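The structure appears right after this line, and notes come after that.
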Amino acid sequence: MAILKVARMGHPVLRQKCETIDPALITGPEVQGLIRDMFETMVEYNGVGLAAPQVHQPVRLLIAGGEVDDEGRNQFRVLINPEVTVQDENNRLGMYEGCLSLPGMRGWVERPASIKITAWNEKGEKIDFSLEGFPAVVIQHECDHLDGILYVDRIEDTTKFAFEDEAQRFLDLADQDMDEEEEPAG
Ligand code: ZN
């Protein structure tokens, strides 16, 4: 296990389209080791998600949180080669997003609130599921990383892009269409 260095905005690995992972290799030591190291790295930096290019691995693998189980524990999904389908383009959710590759920054982004996902999980099984609200936003943020897109590319009003401490003073970071207190950083 290892805590990996997180690439920051400006590093070209964050701007490339990542390679598909051969599903036959998911249960092999290389992919499993990367998943373990990404978990450790995400926990170390209090991320709610992490995509492989953020740790300098340009492959289509991500970890996404934002879901809680019945006992209130955070749940994380490992998704490999994920494909997102938007359920309703007009149903949108806005929030101040953060990203471990842009430490200390927040920006207002609006995304579809309801999505369907197909992917492979960490056991090499094909899965599909639907998500709404905050966890749907987290997965879209992480999937963007796999295509070299950062949340800043989706900020329409740059007056709502700020350093986190100033945003806490002058912008309402909790200003989102949901009762989610967690501040997303992935
Ligand atoms: Zn991110």
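Note that numbering that gives the first Met the number 0 numbers the sequence shown so that position 54 is 53, with each residue one more than the last. A virtual CB, placed ideally from N, CA and C, is assigned to each residue, including glycine. The structure displayed is predicted, hence computed values, not measured ones.
Inset, instruction - Could you check what DSSP says for glycine 32 in three-state terms: helix, strand or coil? - result: Indexing the sequence shown from 1 puts residue 32 at position 33. Glycine 32: helix per DSSP, three-state reduction.
Inset, instruction - Please name the residue in Trp107, Pro57, Ile138 whose C-alpha comes closest to that of leucine 33. - result: Here residue 33 corresponds to residue number 34 of the sequence shown, with the count starting at 1. Ranking Trp107, Pro57, Ile138 by Cα distance to leucine 33 puts Pro57 first.
Inset, instruction - Quick one: residues in its chain with C-beta nearer than 7 Å to the C-beta of leucine 172, no 5 flanking neighbours on either side, listed in chain order? - result: Position 173 of the sequence shown, counted from the first residue, corresponds to residue 172. Around leucine 172: Tyr95, Arg105, Ala166, Glu182.
Legend entry - Per DSSP, cross-strand counterpart(s) of leucine 191: With the chain covering 0 to 185 only, the question about residue 191 has no answer from this structure.
Inset, instruction - List the endpoints of the continuous alpha helix (DSSP H) containing proline 111. - result: Counted from its first residue, the sequence shown places residue 111 at position 112. Looking at the DSSP string, proline 111 is not in any alpha helix (DSSP H); the run it does join, the beta strand (DSSP E), is 104 to 111.
Inset, instruction - Return the first residue and the last residue of the alpha helix (DSSP H) that proline 22 is part of. - result: Here residue 22 refers to the residue found at position 23 of the sequence shown. Run containing proline 22: none; DSSP gives neither H nor E here.
Inset, instruction - Determine the DSSP secondary structure at tyrosine 44, reduced to helix, strand or coil. - result: For this step, residue 44 is matched to residue 45 along the sequence shown. Correct three-state label for tyrosine 44: coil.
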